[in-house]
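Heads up: the sequence lines are chains L and H, in that order.
Just so we're aligned: the first sequence equals residues 1 to 335 in UniProt numbering.
Just so we're aligned: the second sequence equals residues 1 to 335 in UniProt numbering.
Note that CB positions come from ideal geometry on N, CA and C, so glycine has one too.
A short worksheet on the structure shown next.
Number of protein chains: 2
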Amino acid sequence: MTQALQVVLAKRPVGDVTDDCFRAETVTLPALTDGQILIRQRFLSLDPYMRPRMTELRSYTPPFELDKPLTGGSVGEVVESRNERFAKGDIVMGLLNWATHTVHDGKGLRKIDPSIAPLSAHLGILGMPSFTAWYGMKHICKPKAGETAFVSAATGAVGQVAGQLAKLAGARVVGCAGDEDKCVWAVREAGYDACFNHRTERDYGAVLDKLCPQGIDSDFENVGGRIFHAVFARLNNFGRVAFCGAISEYQDKEPMAGPPKMFTIVQRRLTIQGFIVSDHVALMGDFVNEVGGLLKAGKLKSRETVVDGLAKAPQAFMGLLKGQNFGKLVVKIDG
Amino acid sequence: MTQALQVVLAKRPVGDVTDDCFRAETVTLPALTDGQILIRQRFLSLDPYMRPRMTELRSYTPPFELDKPLTGGSVGEVVESRNERFAKGDIVMGLLNWATHTVHDGKGLRKIDPSIAPLSAHLGILGMPSFTAWYGMKHICKPKAGETAFVSAATGAVGQVAGQLAKLAGARVVGCAGDEDKCVWAVREAGYDACFNHRTERDYGAVLDKLCPQGIDSDFENVGGRIFHAVFARLNNFGRVAFCGAISEYQDKEPMAGPPKMFTIVQRRLTIQGFIVSDHVALMGDFVNEVGGLLKAGKLKSRETVVDGLAKAPQAFMGLLKGQNFGKLVVKIDG
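In structure tokens, the structure reads:
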């Protein structure tokens, strides 16, 4: 009989997520039935998209259920198997509970080779956030030499890859991030041409005018809100927006209005496209070839924040929504 | 020496266009120089996009110049030619002055065959508005059977064609228009499944919920503002918006905010694409084949309002911006 620690959704947040939205529980997992495996989890990914799942009724993923464990991308080890696809000792990745252990039917799980990279990388630079960045850049933003590409949340799990891919494509790349250290890293390590601190800059329009004197040709949008409004107003003719997230708006009690002058979309022939990477799993092979190749060649940097222990996941997640992490945020789980 | 009546931009409007934005002038045209032709105009097209040109500094077309004639799509007859491409008697179409006569270098003018259709049709169902509708439907909205397509300004020069093309593609087609007669025409003649009066309906959300019970898969947007906000909130997953115009916003002194909850774009994987048909002239041949074929087969209806005399153009244009025309608005010119 395995005892598991898990974190369940205790109540739906209104506005900011608070401690009492979560409850840690120790449960005794049932014995496996045919087809099931028991996974001892090693790393859990925390991602901004989880915030809408805590409340949204009509979203791309069904909302988390009250009094059930939250779920997230996770890497773990198979410690018991009654499923012929998986053997004890296999390392797997997939959507698992916020828990030390998950009993799973194996559907949607993928075996990974732990010799390729540290396990947590499969949740970041080799995983969903990186795939998201690649898809949005490759298929929507399509930056090229002579253009200016903007990336909000420039050093986040997705943004850090998006910015580097735009730079590799030859564009001038400008971003914003939530503190000075992140801005310094973006420029020195990730190769951004410029990165401004959206907490200390008051006039986003003025700073964008300065850093993007030729306007903005593509926007990889992770933040939404006032930053998006300022970028939108500076998009050039035939500008593209890969709309990936709007973290600045997730905790608003009242939905924020969109940017004024939607007619700009017509005047400048803009394309604004929302996307969710899980719609594009058929392209995973292309992503692995391309981004895997860049990684091997040492052409991509990555940065992560590792939080130790599942019990700290709620606090870390609340911090993520306020931008307190640096790079990809993962929780190390000692199950 | 030809005397021409012309209408010049006397001042840039702020908010509603007023009489004093225009000035009618009689001028003596200069003698032709080599390469020039003199066109006696027969019909002038009045279109909503002219309103932004009266003020906008950064628009897709340069703004009209103060104290110079406004311009617009026009059909006329060559009455004198010093250009070998054109002979006296040719009927031509292109961007000409709001005038009884224009002296032109011939660039961008197209000869038309007056036996195909009434001359005014080349400004409507056979011309730019229809090409606009075709491009937006064919290349952005892509309606199909089982889907719901929405068209704002359902009976306007563009909307009436857009709606019929969506219906021919098999979609349920819902529109809105500014009076009862237009709504009746939309349903009885143009084949809309439903059309509501946006002047008498107060709750656009409620009427859309009723008329589009399966949500909205594509939106051909001509109006913007509150109607667009209500449509946006009801777009289905993978919904498409062909953003063609925003007539409801053109006369706002303060720009209207965009729809709240831009994150909807991500959640539902929306694509919002602005377009201007003049970017796509390479597709004109496809348009003529397809829409010309439908017209010959009697599968497209059209409706126009003809205003008699250039002197009435300003008043007619102000009416257009308030939706007082029915279908394509043209001015008959007796030069």
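A straight-line Cα-Cα distance of about 10 Å links L:Asn236 and L:Thr264. As computed with DSSP, H:Thr26 is found in a beta bridge with H:Leu5.
The secondary-structure analysis by DSSP pairs L:Phe263 with nothing; it has no beta-bridge partner.
Selection L:Val174, L:Thr155 and L:Ile272 evaluated against L:Leu329 yields L:Thr155 as nearest (Cα-Cα). Within the region 141-181 of chain L, the beta strand (DSSP E) runs of at least 3 residues that lie entirely inside it are, in chain order, 148-152 and 172-177. Note on the region 58-93 of chain H: whole beta strand (DSSP E) runs with a minimum of 3 residues are 71-81, in chain order.
For the alpha helix (DSSP H) assignment, the uninterrupted runs of no fewer than 4 residues enclosed by the region 211-296 of chain H are, from N- to C-terminal side, 225-232, 264-267 and 284-296.
With contacts defined by Cβ atoms closer than 8 Å, L:Pro260 and H:Ala257 form a contacting pair. In the DSSP assignment, L:Thr18 falls outside any alpha helix (DSSP H) and carries neither an H nor an E.
Rounded to whole angstroms, the separation of the alpha carbons of L:Asp279 and L:Val78 is 27 Å. Taking CB atoms only, H:Ile91 has no neighbour in chain L less than 8 Å away.
Sequence-ordered contacts of the region 272-293 of chain L with chain H read Ile272, Gln273, Gly274, Phe275, Ile276 and Asp279 [C-beta pairs closer than 8 Å]. Between L:Leu119 and L:Phe43, the CB-CB gap stays under 8 Å. Taking a beta-carbon distance threshold of 8 Å, L:Cys176 does not count as an interface residue toward chain H.
Across the structure, L:Val288 and H:Ala246 are spaced so that their CA atoms are roughly 42 Å apart. Interface annotation, L:Val266: in contact with chain H, CB-CB separation under 8 Å. A straight line joining the alpha-carbon of H:Gly239 with that of H:Asp219 spans about 8 Å.
Residues of chain H whose Cβ lies closer than 8 Å to the Cβ of L:Phe86 do not exist; the shortest such Cβ separation is about 32 Å. Identification of chain L residues near H:Phe228 by a Cβ-Cβ cut-off of 8 Å yields Met262, ordered along the chain. If you check the CB distance, H:Thr271 and L:Thr132 do not come in under 8 Å. Within the same chain, and ignoring the five residues on either side of H:Leu29 in sequence, the residues whose Cβ sits closer than 8 Å to its Cβ are Met1, Thr2, Gln3, Ala4, Leu38, His101 and Val103.
Only exposed fits H:Arg110, as fewer than 16 other CB atoms lie within 10 angstroms of its CB. Here the region 138-156 of chain L lies against the region 211-228 of chain L, with 3 or more beta-carbon pairs under 8 Å apart. Residue nearest to H:Glu290 within the set H:Lys138, H:Val207 and H:Glu147 is H:Lys138 (criterion: CA-CA distance).
L:Leu300 carries a coil assignment under DSSP once its states are collapsed to helix, strand and coil.
The alpha carbon of L:Ala282 has as its nearest neighbour, out of L:Val27, L:Arg85 and L:Tyr135, the alpha carbon of L:Tyr135. Taking a cut-off of 8 Å on C-beta distances, the region 90-97 of chain L touches the region 65-79 of chain L, as three or more cross pairs fall below it.
Closer than 8 Å to the CB of L:Ala166 there is not a single CB belonging to chain H. Closer than 7 Å at the C-beta level to chain L, one finds these residues of the region 236-265 of chain H: Phe243, Cys244, Gly245, Ala246, Glu249, Pro255, Met256, Ala257, Gly258, Pro259, Pro260, Lys261, Met262, Phe263 and Ile265. Close to H:Arg269, with beta-carbon spacing below 7 Å, are these residues of chain L in chain order: Gly274, Phe275, Ile276 and Asp279.
At the C-beta level, L:Gln36 and L:Asn83 come within 8 Å of one another.
If you check the CB distance, L:Val184 and L:Ala194 do not come in under 8 Å. With contacts defined by Cβ atoms closer than 8 Å, L:Val75 and L:Phe317 do not form a contacting pair. For the region 317-330 of chain H, the set of residues with a beta-carbon nearer than 9 Å to any beta-carbon of chain L is empty.
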